[in-house]
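These notes are about the structure you will find just below.
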Amino acid sequence: MSDRYEAQGIEAKWQKKWQASGIDAAVDDDERASYYCLVMFPYPSGNLHMGHVRNYCLGDAVARYKRMNGFNVLHPIGWDAFGLPAENAAIKHQRPPAEWTYANIDQMRVQLKRLGLSYDWSREIATCDPAYYRWEQWLFTRLMEKGLAYQARAEVNWCDPCHTVLANEQVVDGNCWRCDTAVQRKNLKQWFIRITAYAEELLTDLDKLSGWPDKVVGMQRNWIGKSSGAEVSFAMVDSDETLEVFTTRPDTLMGVTYMAVAAGHPLAKKAAENSPELALFLEECSKISTKEADVETMEKKGMATGCYALHPITGDAVPVWVANFVLMGYGTGAVMSVPAHDARDFDFAHKYGLSIKQVIRPLEGEWPIEDAAFTEPGQLINSAQFDALTSAQAKQMITTWLADNGKGGERVQYRLRDWLVSRQRYWGAPIPVIHCQQCGAVPVPDAQLPVLLPTDLQPTGGASPLNECDAFRYVDCPRCGERAERELDTFDTFMESSWYMDRYTSSNHDSGMLDSDAMRRWAPVDQYIGGVEHAVLHLLYARFYHKLMRDAGLFSSAEGGDEPFKNLLTQGMVLKDGTKMSKSKGNTVDPKAIIERFGADTARLFTLFAAPPEKELEWNDAGVEGGHRFLKRVWRLLEKLDVADGEADDAAVKQLRRSIHITVQRVTHAFEHGFAFNVAIAALMELTNNLQDYQPKGASGQAAYREGVELLATMLAPFVPHFACELGELLGMQQMAVMADWPQVDAAALEQHEITLVVQVQGKKRGEIKVAKDIDQQGAMAAAEANAAVQKWLVDMQIVKVILVPGRLLNIVVKPA
RNA sequence: GCCGGGAUGGUGGAACUGGUAGACACAAGGGACUUAAAAUCCCUCGGUAGCAAUACUGUACGGGUUCGACUCCCGUUCCCGGUACCA
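For the record, in the first sequence the residue sitting at position 362 is 366 according to the numbering used here, with numbers rising by one throughout.
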């Protein structure tokens with residue numbers, strides 16, 4: 005036995021053994037129950053950061069625990085390899101993004117392996133591999149056939165000098181990040197996927213996600229944002245056109261005093277033709293970034309168009325305004341405004357001197373409508389035939405009136421918008437469409453898939469180099485054979501990350517997108533673990549995509565489920581000095597340095613111990629050393645094996661065995677409920693302290709001690725697998741610790757007949773009493789009154805009430821006698 | 001702005017479903033061992049008062065419910081995440 009714990013040698017040794025024995029492979033044909041544990045795959049930025057380490061240590065602990073419980077575990081890894089950073093790096097280093105990406109993948113793979121994570125590497129995926137993205141192209145052509153993929157115009161951030169579309173991230177305070185020019189909105193024809201067609205299923209299936217955090221389910225529900233209301237059609241004065249709006253408050257319809265349309269609305273553009281002033285305002289509106297946060301926080305501005313619309317019920321003419329906070333491509337790009345009953349409309353009306361008409365009043369009392377909008381439901385006033393109705397009644401009556409008179413009717417609206425999948429960028433999967441003068445947008449036929457992305461082009465910071473690549477750009481139309489052009493946009497990278505979880509079940513399947521047999525065995529994912537920042541977009545798109553693949557016939561509900569992720573754990577971020585680690589702030593911690601100094605097990609232990617998984621983790625270098633010290637302390641427990649003699653102390657043995665099995669219970673509980681590994685590791689530390697303090701005397705004392713150290717090694721295996729294996733070997737355990745059976749709680753060891761009961765007087769702790777486990781209130785009361793510390797609080801007091809919480813405390817409520 | 005989450009000692013955190021606030025660590029201080037250092041071990045460690053026993057006080061802030069509140073309710077402040085082209 006080596007008397008010092010040397011991590012580097014031990015870790016290399018066990019990693020080799022695990023690889024040789026193939027214990028990490030998921031077996032497709034196996035009798036054992038299967039379990040699919042998935043961590044969010046990384047973007048290959050080049051270096052593993054602490055957020056990755058945290059994510060993968062959590063996943064590895066779960067995967068290893070499940071293996072020790074007899075499951076056939078699928079625990080895969082891969083690379084979300086397309087995206088913007090590769091293009092930025094490409095510009096900086098003057099090398100094609102593919103080169104940078106693959107070099108990073110190689111580097112990060114080494115780092116992951118060094119951590120001793122139990123991945124099935126035979127299933128590794130890189131999304132920039134044509135063998136992967138070809139299936140996404142294939143599915144897209146099917147969606148086109150079904151009408152679920154379509155082209156429409158949408159606004160993008162545009163930088164004129166750079167001649168390129170900017171990502172929101174590249175817009176800094178309304179300016180281009182590279183040249184600092186003011187960003188403009190530009191309207192481009194782009195591809196969408198009709199996620200709104202699945203809005204209802206995405207919403208109702210949230211009820212199936214009992215294994216998801218409530219907050220994520222709630223965020224998705226809000227994001228989908230189902231609201232029922234009415235569609236209202238306003239006729240225009242001096243024109244045959246109508247202005248369509250949606251409202252959730254048809255009961256306030258009689259209070260409409262003006263209309264507001266987006267700057268991009270055709271009506272606004274038309275009005276601007278005769279008004280230079282309005283044209284200037286529209287120009288100004290086009291300079292706001294497309295970010296929601298910017299749109300919502302900017303100063304609300306508007307200008308009259310000079311046009312009027314007719315109120316559908318009263319026939320009154322109401323002015324139509326252009327407002328910078330109304331968005332085109334969001335509903336109909338027009339809203340009806342009821343300043344008396346909407347806070348934003350109220351402010352706007354005040355600012356521009358528009359009239360305010362109160363049509364709802366509180367059910368009780370009065371409301372000072374001059375001071376603020378009344379936004380609650382109430383009773384109708386100033387509403388002609390609808391007067392005296394409640395808001396709820398009026399919603400119905402007015403909606404019915406609209407339907408009866410052909411001016412609208414009931415409508416359900418979702419906040420969710422269709423998924424814009426076009427990106428005007430190079431480093432992404434090509435959209436498999438050929439634009440032909442004769443035939444229009446033609447999907448690339450299966451036989452011509454994949455549409456290979458040329459990997460040798462050099463981005464410049466301007467438009468995508470695909471525009472200049474004639475060999476890629478010009479092709480023959482698959483339908484008519486005439487010369488045509490490829491679509492030059494690439495897919496949003498969320499496309500790749502939306503189906504990888506299902507692809508892992510058959511990563512190497514080359515005759516189809518998915519293998520339904522593999523889906524039946526592995527899908528859906530039993531446990532998904534990743535950053536909370538993906539709570540809405542990624543997780544919503546992945547749920548959607550899973551359903552799209554199901555409906556494309558790739559698997560049935562019975563085979564793959566209707567939802568891709570059964571259980572979800574959202575981990576918090578890793579912080580340093582209170583903020584997110586980032587290179588620009590210079591507060592990064594390189595996992596490599598920690599691994600080199602203390603070993604992978606220490607890095608793993610600390611990331612799991614420092615904070616509960618769903619919370620932010622504040623990095624602390626000193627804490628890492630503490631983790632390392634703990635491992636060294638465990639190591640030294642070996643010194644007391646088989647050395648002590650003397651008489652066994654029965655009470656001490658009983659106490660130790662109780663402590664051992666309480667630990668088994670606590671650690672198991674952590675794995676089965678909520679993954680509070682920080683508490684589980686604390687429990688293992690406590691057991692270590694108890695074992696350290698224990699003097700193993702006699703045969704039974706030595707046996708209890710050995711049991712404790714062996715179970716400690718076993719329970720450490722999911723967290724610090726190399727260390728646990730080495731310890732297990734030194735203990736002479738039959739199997740590798742990582743393959744040992746997970747320990748069972750010995751119920752007999754937990755039993756105790758005497759307990760400590762806390763005694764409170766007036767809810768304040770005044771003493772403790774030792775009593776029988778199942779003592780009744782009378783007995784407990786007698787013991788309490790006999791206790792000196794308690795007694796003095798009862799002097800001259802009359803006992804009003806006594807509360808016994810069995811096994812916990814006794815509270816005595818008194819009042820002066 | 002909107003949606004979601006959070007706030008407990010010097011620090012990270014613990015406290016099961018409303019029942020002993022501060023488990024387990026880190027840091028700090030004191031001590032043992034050592035020629036010395038490292039390593040290791042022991043002690044102290046929310047605040048105030050006290051030699052101590054102990055008492056009072058304390059879970060962001062202001063109210064409330066309860067025999068009893070870190071936990072539930074109402075209101076406020078600050079911090080973090082998302083906000084549809086970062087992934």
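We treat Cβ as the ideally placed atom computed from N, Cα and C, and that holds for glycine.
Within the same chain, A94, T459, D460, L461, Q462 come within 7 angstroms of P100 by CB-CB distance, once the 5 residues on both sides are set aside. Taken atom to atom, the span from the alpha-carbon of I773 to that of E690 is near 25 angstroms. With fewer than 16 other CB atoms across the displayed protein chains lying within 10 angstroms of its CB, T760 is exposed. Taken atom to atom, the span from the alpha-carbon of S704 to that of A652 is near 6 angstroms. Setting aside the 5 residues that flank it on each side, E91 is surrounded in the same chain by P101, R429, Y430, W431, P463, each with a C-beta closer than 8 angstroms to its C-beta; the list follows chain order. Cβ neighbours of A85 within its own chain (closer than 6 angstroms, five residues either side excluded): P48, T105, A130, T131, C132.
Taking 8 angstroms as the cut-off, the beta carbon of E140 is found closer than this to the beta carbon of W503. Boundaries of the alpha helix (DSSP H) around I14: 11 to 25. Residue pairing by DSSP places H439 opposite A445, E489 in a beta bridge. In the three-state reduction of the DSSP assignment, S232 falls in the strand class.
Among the bridge pairs identified by DSSP, G565 is matched with none. Straight across, the Cα-Cα distance linking M263 with K305 is about 14 angstroms. Minimum Cα-Cα distance from A171 among the listed residues K551, D496, E149 corresponds to D496. Under the Cβ criterion (8 angstroms, minimum of three pairs), the region 532 to 544 counts as touching the region 32 to 51. The alpha helix (DSSP H) runs of length 4 or more contained entirely in the region 350 to 419 are, from start to end of the chain, 395 to 408. Under the DSSP assignment, T251 falls in the beta strand (DSSP E) whose first and last residues are 246 to 251. Rounded to the nearest angstrom, the gap between the Cα atoms of T718 and D519 is 36 angstroms. Per DSSP, reduced to three states, the secondary structure at C473 is coil, with no helix or strand assignment. Your pair A234 and P722 does not check out as a contact, with CB atoms roughly 56 angstroms apart and the cut at 8 angstroms.
Non-local C-beta neighbours of N191 in its own chain, meaning closer than 6 angstroms and more than five positions away in sequence, comprise R157, E159, ordered along the chain. Distances from the alpha-carbon of V763 to those of V806, Y202, A266 put V806 closest. Excluding residues up to 5 positions away in sequence, P434 lie with their Cβ nearer than 6 angstroms to the Cβ of L457 in the same chain. K658 carries a helical assignment under DSSP once its states are collapsed to helix, strand and coil. A Cβ-Cβ separation of about 4 angstroms places K619 in contact with G576 under the 8 angstroms criterion.
According to DSSP, N191 shares a beta bridge with E159. Approximately 4 angstroms separates the beta-carbon atoms of M72 and W746; this is inside 8 angstroms, confirming the contact.
The Cβ neighbour count for G87, taken over all protein chains shown within 10 Å, is at least 16; the residue is labelled buried. By the Cβ neighbour-count rule, V804 is exposed, with fewer than 16 other Cβ atoms within 10 Å of its own. Judged by DSSP in its simplified three-state form, S426 adopts strand.
Shown here for A407: same chain residues with a beta carbon closer than 6 angstroms to its own, the five before and five after excluded, namely G413 in chain order. Here L573 is bridged, per DSSP, to I533. When the Cα atoms are used, W423 and V221 turn out to be separated by approximately 20 angstroms. For V593 against W639, the beta-carbon gap comes to about 25 angstroms, at or over 8 angstroms, which does not count as contact. Under DSSP, V809 shares a beta bridge with L813. Relative to S359, the option among I373, V724, A327, D209 whose CA is nearest is I373. With a cut-off of 8 angstroms on Cβ pairs, the region 651 to 671 is in contact with the region 705 to 716, counting three or more such pairs.
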